[in-house]
Amino acid sequence: MNRTRLLTTMAVFVAIGTLGAQLLWFPVGVAKAYPVQHAVNVMAAVTLGPGPAVGIAFMIGLLRNMLGLGTLLAFPGGMIGAFLAGYLFQKTHKKAIAAVGEAIGTGIIGALFAVPFAKLLMGSSAGALFFIPSFLISSVTGALIGWFVISRVNQERLVQNKI
Numbered sequence: 073m074n075r076t077r078l079l080t081t082m083a084v085f086v087a088i089g090t091l092g093a094q095l096l097w098f099p100v101g102v103a104k105a106y107p108v109q110h111a112v113n114v115m116a117a118v119t120l121g122p123g124p125a126v127g128i129a130f131m132i133g134l135l136r137n138m139l140g141l142g143t144l145l146a147f148p149g150g151m152i153g154a155f156l157a158g159y160l161f162q163k164t165h166k167k168a169i170a171a172v173g174e175a176i177g178t179g180i181i182g183a184l185f186a187v188p189f190a191k192l193l194m195g196s197s198a199g200a201l202f203f204i205p206s207f208l209i210s211s212v213t214g215a216l217i218g219w220f221v222i223s224r225v226n227q228e229r230l231v232q233n234k235i
């Protein structure tokens with residue numbers, strides 16, 4: 073894929089993730105779940121690979137924070153989930169494994185990273201048991217949406233267009 077097409081595809085994913093987060097969300101205890109970010113992570117990981125997927129997750133988190141639509145916790149969860157989804161897809165070439173990677177990367181590993189992140193940068197003393205349920209529900213829901221969408225895409229067409 074040439075550089076212009078890659079950057080354009082990444083920009084579209086960033087736009088979908090940033091805007092879609094405000095269109096599809098639901099309450100999870102005291103937090104809100106934004107599954108569109110996780111769906112975008114799975115789709116980007118499968119179509120573009122782990123590097124671009126992490127860049128997309130970072131940009132979505134940055135834009136949402138700049139617009140006052142998210143928290144700093146979008147960074148560790150989104151980026152770790154995107155990386156693990158892309159890495160596992162590269163190793164297995166199975167879309168379902170990419171979705172599992174997103175759920176584990178964000179729902180468990182990202183939630184564990186969020187504990188010191190929240191303490192240092194946000195002054196929150198919440199423990200891992202506070203973050204894991206909401207991160208896990210959001211990431212599993214989004215990963216399933218992403219897996220459903222990407223499994224319906226005609227892969228032969230993607231290969232022909234080198235997307």
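Everything in the sequence shown is counted per our numbering, starting at 73 for the first residue and increasing by one.
Backbone N, C-alpha and C define an ideal beta-carbon position, used for all residues, glycine too.
Please read these numbers as outputs of a predicted model, since none were measured by experiment.
Rounding to the nearest angstrom, what Cα-Cα distance links residue i and residue j in this structure?
i: S223; j: A175; result: 17 Å
i: A243; j: L91; result: Past the edges of the chain, shown from 73 to 235, lies residue 243, and the structure says nothing about it.
i: T164; j: M115; result: 15 Å
i: G214; j: I132; result: 15 Å
i: G177; j: A154; result: 7 Å
i: K191; j: I128; result: 25 Å
i: R77; j: I180; result: 33 Å
i: L139; j: G89; result: 13 Å
i: T143; j: S210; result: 14 Å
i: F185; j: F147; result: 10 Å
i: F220; j: L120; result: 17 Å
i: V126; j: V112; result: 11 Å
i: F203; j: P99; result: 14 Å
i: Y74; j: T80; result: For clarity, residue 74 is Asn in the given sequence; the question names Tyr instead. About 10 Å.
i: A87; j: K166; result: 26 Å
When you compare each of the options to residue i by their alpha carbons, which one comes out closest?
i: F207; options: L78, F189, P107 and V86; result: P107
i: F189; options: L145, I204, P99 and G218; result: L145
i: N137; options: L120, S210, Q94 and I204; result: Q94
i: F85; options: A168, Q109, Q162 and L134; result: Q109
i: Y173; options: V187, P205, T143 and G218; result: Sequence check: residue 173 is Gly here, not Tyr. Closest by alpha carbon: G218.
How about residue i and residue j: do their beta carbons lie closer than 9 Å?
i: G149; j: A183; result: yes
i: P124; j: M82; result: yes
i: A170; j: A117; result: yes
i: P205; j: Q162; result: no
i: L16; j: L141; result: It is not possible to answer for residue 16, since the shown part of the chain is limited to 73 through 235.
Open item on the list: What ranges does the alpha helix (DSSP H) occupy inside the stretch 146-191, keeping only unbroken runs of at least 4 residues that lie completely in it?
Closed with: Unbroken alpha helix (DSSP H) stretches of 4 residues or longer found wholly inside the stretch 146-191: 146-164, 167-176 and 183-189, given in chain order.
Task: Runs of beta strand (DSSP E) lying entirely within the stretch 84-146, each at least 3 residues, in chain order - done: 98-100 and 103-105
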